[in-house]
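Right, one structure below, let's go through it.
Number of protein chains: 2
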Amino acid sequence: MKIRLFLLQFVLFLVCFSSLSFAKIPPRFPSSSFVQPENLYFSLASKGNKLYETKYFTQILDHFNYNPDSYQTFQQRYLFNDKNWGGAKTNAPIFVYTGNEGDIEWFTQNTGFMFEIAPHFKALLVFIEHRFYGKSIPYGGDKEIAYSNTSTLGYLSSTQALADYATLIIDLKKNLTATDSPVVVFGGSYGGMLAAWFRLKYPHVTIGALASSAPILNFQNITSPYSFNNIITQDFRGESENCYKVIKGSWKKIEDMAKTTGGLKKLRKSFRICKNYISPDSLVNWLSTAFTYTAMTDYPTPSNFLNPLPAYPVKEMCKAIDDPKTGNDTFEKLYGAANIYYNYTGKATCLNLNDNSDPHGLGGWTWQACTEMVMPTNGNNKESIFPPSEWDYNERVRFCKLILDVKPRPDWITTEFGGHDIERVLKRFGSNIIFFNGLRDPWSGGGVLKDISKSIVAIIAKEGAHHVDLRWSSKEDPEWLREVRAREINIISKWISQYYQTKTDFSH
Amino acid sequence: MKIRLFLLQFVLFLVCFSSLSFAKIPPRFPSSSFVQPENLYFSLASKGNKLYETKYFTQILDHFNYNPDSYQTFQQRYLFNDKNWGGAKTNAPIFVYTGNEGDIEWFTQNTGFMFEIAPHFKALLVFIEHRFYGKSIPYGGDKEIAYSNTSTLGYLSSTQALADYATLIIDLKKNLTATDSPVVVFGGSYGGMLAAWFRLKYPHVTIGALASSAPILNFQNITSPYSFNNIITQDFRGESENCYKVIKGSWKKIEDMAKTTGGLKKLRKSFRICKNYISPDSLVNWLSTAFTYTAMTDYPTPSNFLNPLPAYPVKEMCKAIDDPKTGNDTFEKLYGAANIYYNYTGKATCLNLNDNSDPHGLGGWTWQACTEMVMPTNGNNKESIFPPSEWDYNERVRFCKLILDVKPRPDWITTEFGGHDIERVLKRFGSNIIFFNGLRDPWSGGGVLKDISKSIVAIIAKEGAHHVDLRWSSKEDPEWLREVRAREINIISKWISQYYQTKTDFSH
Numbered sequence: 001m002k003i004r005l006f007l008l009q010f011v012l013f014l015v016c017f018s019s020l021s022f023a024k025i026p027p028r029f030p031s032s033s034f035v036q037p038e039n040l041y042f043s044l045a046s047k048g049n050k051l052y053e054t055k056y057f058t059q060i061l062d063h064f065n066y067n068p069d070s071y072q073t074f075q076q077r078y079l080f081n082d083k084n085w086g087g088a089k090t091n092a093p094i095f096v097y098t099g100n101e102g103d104i105e106w107f108t109q110n111t112g113f114m115f116e117i118a119p120h121f122k123a124l125l126v127f128i129e130h131r132f133y134g135k136s137i138p139y140g141g142d143k144e145i146a147y148s149n150t151s152t153l154g155y156l157s158s159t160q161a162l163a164d165y166a167t168l169i170i171d172l173k174k175n176l177t178a179t180d181s182p183v184v185v186f187g188g189s190y191g192g193m194l195a196a197w198f199r200l201k202y203p204h205v206t207i208g209a210l211a212s213s214a215p216i217l218n219f220q221n222i223t224s225p226y227s228f229n230n231i232i233t234q235d236f237r238g239e240s241e242n243c244y245k246v247i248k249g250s251w252k253k254i255e256d257m258a259k260t261t262g263g264l265k266k267l268r269k270s271f272r273i274c275k276n277y278i279s280p281d282s283l284v285n286w287l288s289t290a291f292t293y294t295a296m297t298d299y300p301t302p303s304n305f306l307n308p309l310p311a312y313p314v315k316e317m318c319k320a321i322d323d324p325k326t327g328n329d330t331f332e333k334l335y336g337a338a339n340i341y342y343n344y345t346g347k348a349t350c351l352n353l354n355d356n357s358d359p360h361g362l363g364g365w366t367w368q369a370c371t372e373m374v375m376p377t378n379g380n381n382k383e384s385i386f387p388p389s390e391w392d393y394n395e396r397v398r399f400c401k402l403i404l405d406v407k408p409r410p411d412w413i414t415t416e417f418g419g420h421d422i423e424r425v426l427k428r429f430g431s432n433i434i435f436f437n438g439l440r441d442p443w444s445g446g447g448v449l450k451d452i453s454k455s456i457v458a459i460i461a462k463e464g465a466h467h468v469d470l471r472w473s474s475k476e477d478p479e480w481l482r483e484v485r486a487r488e489i490n491i492i493s494k495w496i497s498q499y500y501q502t503k504t505d506f507s508h
Numbered sequence: 001m002k003i004r005l006f007l008l009q010f011v012l013f014l015v016c017f018s019s020l021s022f023a024k025i026p027p028r029f030p031s032s033s034f035v036q037p038e039n040l041y042f043s044l045a046s047k048g049n050k051l052y053e054t055k056y057f058t059q060i061l062d063h064f065n066y067n068p069d070s071y072q073t074f075q076q077r078y079l080f081n082d083k084n085w086g087g088a089k090t091n092a093p094i095f096v097y098t099g100n101e102g103d104i105e106w107f108t109q110n111t112g113f114m115f116e117i118a119p120h121f122k123a124l125l126v127f128i129e130h131r132f133y134g135k136s137i138p139y140g141g142d143k144e145i146a147y148s149n150t151s152t153l154g155y156l157s158s159t160q161a162l163a164d165y166a167t168l169i170i171d172l173k174k175n176l177t178a179t180d181s182p183v184v185v186f187g188g189s190y191g192g193m194l195a196a197w198f199r200l201k202y203p204h205v206t207i208g209a210l211a212s213s214a215p216i217l218n219f220q221n222i223t224s225p226y227s228f229n230n231i232i233t234q235d236f237r238g239e240s241e242n243c244y245k246v247i248k249g250s251w252k253k254i255e256d257m258a259k260t261t262g263g264l265k266k267l268r269k270s271f272r273i274c275k276n277y278i279s280p281d282s283l284v285n286w287l288s289t290a291f292t293y294t295a296m297t298d299y300p301t302p303s304n305f306l307n308p309l310p311a312y313p314v315k316e317m318c319k320a321i322d323d324p325k326t327g328n329d330t331f332e333k334l335y336g337a338a339n340i341y342y343n344y345t346g347k348a349t350c351l352n353l354n355d356n357s358d359p360h361g362l363g364g365w366t367w368q369a370c371t372e373m374v375m376p377t378n379g380n381n382k383e384s385i386f387p388p389s390e391w392d393y394n395e396r397v398r399f400c401k402l403i404l405d406v407k408p409r410p411d412w413i414t415t416e417f418g419g420h421d422i423e424r425v426l427k428r429f430g431s432n433i434i435f436f437n438g439l440r441d442p443w444s445g446g447g448v449l450k451d452i453s454k455s456i457v458a459i460i461a462k463e464g465a466h467h468v469d470l471r472w473s474s475k476e477d478p479e480w481l482r483e484v485r486a487r488e489i490n491i492i493s494k495w496i497s498q499y500y501q502t503k504t505d506f507s508h
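Protein sequence lines, in the order shown, are assigned to chains A and B. Each step along the first sequence adds one to the number in UniProt numbering, with nothing skipped, and position 294 is 294. Each step along the second sequence adds one to the number in UniProt numbering, with nothing skipped, and position 309 is 309.
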């Protein structure tokens, strides 16, 4: 049952970088786009104004059972900014970010939207860290223990996380004597799924949710397992047919080259790989990772997710591939594309194929992907930019058994949160959810793309990528992005006005 | 940590029979009114037509965590009647009873309403037993193990029960290839709370809920702890001021008499108590139990809950008390009233003060009342028919520590399911719930008594008692009861029509 931490690091590597070969775990969510401190709007922090205070809440380990063990508690971190808050007396709103699978500071620093709209709404900002990530580690904060075996890791689940958020928010409001302040929840990616689910499950705690790039439908028998890679394909093919063809044709060329005498050495040289060792599989993973994450973070302005990227990086990659200077040299073309993702600053003298660092503490996602977050994304049809392959649930089962000694429950998420037939189910149930999706984001295929009711609405940006709306704004933002954010602000304003109105109605 | 079964039996006794003295656990729900086999409408069963088939489902012990232990399963019992079902091809509806804190056969046999409306709706009937009750015992069905300590009992919780129902229903529909059949859930008392919560938490599994006498608001800081006993007071006082005064005055008279030489013996004789032992406390508990449960089951036709009762038993009790033949003999008057509850058949030659049998397997309720179901009901104000007393949460804490070594979480239910400000919260969230309450039922004070929205509605019967609407109908039923049921049928019909209509809309 013991799982060594290094094994998790290994798994992390597999999860991040192996969408093509043996371990078909879905790509990790990129979760957020990191913005450099020199960003105009990030100057808040650099001017000595702290972006947030750090606080801790004593949280219950197991909300749903009453075993003696489950009465244990842990310290859950949350970040707090009340600079713009109108205060409890005016019932000024509270905006809560429902943290995802990593360090909450990272998400907070990259959710500029909430900081930028706080003054307008006189809102208190709270960013809650997801259990088992960052500094919110059960078992006395000892990650080695918390991640040591399936008994301890077992408490890492989405339902527990949602109950954490409910418990913390209710307690916080009580302590602030702000029980009548409306709460709006925000989240991107997995955090967006949590925000949407939170509104559905805890309507008594939040009046509405902005769920950005939340693929709540990316589960078995709802969304096609080809959807994810089809969108990546379309992103590149949309830039140029040649770009698509070069990438699509490259996999066989790499395989063929690897088989020749001195082929691996030649590949290593072509791609400026640092270490001596190279395998065609790892090269293929390394390249496909670059294409996948570049598609997800195909933002209209320069960004920095795992790596710094220019504006519209897919376009830049295709430019490199289509560059006439590289002639017919496929590897040189692909190197040019990969260099944009892995070395846009140009500082690296060689590229590291096996980077299994985890600066944002995302390692727990493997556990989640092996228990409940079984999101089929690895199918590749004939037209895919990647080699054809089928989503194979049993492969996931074998992988999870091997690595974590755990059995996935592929139907649990839809049992608990629904998903099937969602338009019918929510047409007359629930309210106040915005589902934002950028259609260039491969996860958008598993998102809610149509309005469900008058107040459960879809906002679509044809040119948008993964939760682009939540990023800090920039003078260079295109008009469509400004419009998306304006619509979101407008809708949230309506929720809040309606809340105050209803409050008044019932107190008369 | 070991809890001996006999201790639970003892607790059961305390819970049932001690609303006045030291252990202020709320009265158990009476849950259902038992109907004798000779009932006209019960003849279904007696004619050799089985009322239901018994089936079992392999259920997951812990839905919310992924610890190795929690991957255990247990056999969950459900009862099944498809005699009237229109079948999967026509997407005929499925009516599910969300079982409460006892043997599901008992609830099923007493939920005649579902059997009686099944032919009209061509509905499949399913009655699911609540985990840890009846034959749905985890740990291999061994109640001795399941109830042996807090580690095993820990899995007895309402959230787990709801997830059981979702899992079972989804699986059952799949097996019947009836995934498109609409599901309506029904429940009375705690089962009604579960039905309402199930609709709120699992709208993708059920299209609507009939929650009968479901005191979902009977929690701290929502409903007054005096409410419960105030209603009992009103029930008796409404019959006659004298009846109220005699009962109210009796407690001191019992106390005084007990203090005199030979007083206990005199009391024993007055009340025809079988055993030699008598204490004023146990006599007081015995009497107050009779008044409490008679108020709850103050049905318009003869019934049989724990004991057989005449129609309108409160009226009968007051008749006995007001009977001029008993003159000024308070004890004789009270004996006459108690005799209606404890010996209506007249078969008993003496009355048993300490009956701690548990024929319907309700013993797990103490655990639930000591963990999450902290429902304040024990307050008695000056006007109460019982001696004045305050609801004291700390008393519950001490009791639960002593008996079960467990600490209540008094805020959990409202954190998970809401309750505060319910009208505002559900005004624009959720749909399709009927809250039925009979205002003579002491639990009605914790029920939803006003329409919340167009489709979350309250049906009130001024003369109704605890989930009287779910009982088998009878030729003697008063007009108001017929009307209540007709309204319920009408509303459920609309839910189903709307479901079919929406289904069609989305498939076009």
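Quick reminder that beta carbons are idealized off the backbone N, C-alpha and C, glycines included.
query = In chain A, which residues lie less than 8 Å from Q72 (chain B) when you measure between Cβ atoms?
reply = None at all; the shortest Cβ gap to chain A is about 12 Å.
ask   = Just to confirm, are I433 (chain B) and E488 (chain B) a CB contact at a threshold of 7 Å?
value = no
ask   = Within this structure, are the beta carbons of P442 (chain A) and F228 (chain A) separated by less than 7 Å?
value = yes
query = Around the Cβ of P68 (chain A), are there at least 16 other Cβ atoms within 10 angstroms (buried) or fewer (exposed)?
reply = exposed
query = Is it true that the CB of G438 (chain A) sits closer than 7 Å to the CB of A465 (chain A)?
reply = yes
key: Bridge-paired residues (DSSP) for E53 (chain A)   = A:F80
query = At a cut of 8 Å, does the segment 130 to 147 of chain B reach the segment 97 to 104 of chain B through at least three beta carbon pairs?
reply = yes
query = So is H130 (chain B) in contact with chain A if we call contact Cβ pairs under 7 Å?
reply = no
Reduced DSSP secondary structure (H/G/I, E/B, other) of N285 (chain A) = helix
task = Can you say whether G327 (chain B) is buried or exposed, counting buried as having 16 or more other CB atoms within 10 angstroms of its CB?
result = exposed
request  = Evaluate Q501 (chain B) with the Cβ neighbour count: other Cβ atoms within 10 Å of its Cβ, from every protein chain shown; 16 or more gives buried, anything less gives exposed.
outcome  = exposed
query = Along chain B, in chain order, which residues have C-beta atoms closer than 7 Å to that of T159 (chain A)?
reply = F64
task = Can you give me the Cβ contacts of V314 (chain A) inside the same chain, cut-off strictly under 7 Å, excluding the 5 residues immediately before and after it?
result = D235, F236, E239, T294, A295, D298
ask   = Under 8 Å Cβ-Cβ, which residues of chain B neighbour S431 (chain A)?
value = R428, F429
Burial state of N218 (chain A) (16 or more Cβ within 10 Å) = buried
key: Beta-ladder partner(s) of Y335 (chain A), from DSSP   = Bridge partners of Y335 (chain A): none, in fact.
key: Cut-off 6 Å between Cβ atoms - residues of its own chain near N81 (chain A), not counting five sequence neighbours on either side   = Y52, L125
query = Which class does T58 (chain B) belong to by DSSP, given the choice of helix, strand or coil?
reply = strand
inquiry  = Taking the alpha carbon of N221 (chain A) as the reference point, which residue from A:A92, A:F121, A:I422 has its own alpha carbon closest?
reply    = A:I422
message = Just to confirm, is the Cβ distance from P203 (chain A) to P376 (chain A) under 7 Å?
response = no
message = Can you list, in chain order, the residues of its chain with a C-beta nearer than 7 Å to that of V205 (chain A)? Leave out the 5 residues immediately preceding and following it.
response = A166, I169, I170, V183
Endpoints, the beta strand (DSSP E) within which Y97 (chain A) is located = 94 to 98
query = With respect to the alpha helix (DSSP H) encompassing S213 (chain A), which residues constitute its N-terminal and C-terminal limits?
reply = Note, S213 (chain A): premise wrong, no alpha helix (DSSP H); not H, not E.
message = Rounded to the nearest angstrom, what separates L194 (chain A) and P478 (chain A) at their Cα positions?
response = 28 Å
message = Just to confirm the assignment: which complete beta strand (DSSP E) runs, minimum length 3, are found wholly within the segment 223 to 282 of chain B?
response = none
request  = Give the residues of chain A in contact with I117 (chain B), contact being defined as C-beta atoms less than 7 Å apart.
outcome  = None at all; the shortest Cβ gap to chain A is about 23 Å.
ask   = Can a CB atom of chain A be found closer than 7 Å to the CB of V457 (chain B)?
value = no
inquiry  = Residues in the same chain with beta-carbon distance under 6 Å from F17 (chain A), minus the five sequence neighbours each way, listed in chain order, please.
reply    = With a pLDDT of 32 at F17 (chain A), under the threshold of 50, the modelled position of this residue cannot be trusted; read the value that follows with caution. Excluding positions up to five away in sequence, the list reads N285, T289.
query = Nearest CA to the CA of A196 (chain A): which residue from A:A214, A:K450, A:D180?
reply = A:A214
message = Suppose you measure from the CA of H63 (chain A) to the CA of H420 (chain B); what does that come to, to the nearest Å?
response = 20 Å
key: Interface positions of the segment 167 to 188 of chain B facing chain A (Cβ-Cβ less than 7 Å), listed along the chain   = T167, I170
inquiry  = Please list, in chain order, the chain B residues whose beta carbon lies closer than 7 Å to that of T371 (chain A).
reply    = Y66
Contact residues within the segment 204 to 237 of chain A, judged by C-beta distance below 7 Å to chain B = H204
ask   = Based on the DSSP output, what are the partners of P308 (chain B) in its beta bridges?
value = B:N304
ask   = What distance in whole Å lies between the Cβ atoms of E372 (chain A) and I413 (chain A), which are believed to be in contact at a cut-off of 8 Å?
value = 5 Å
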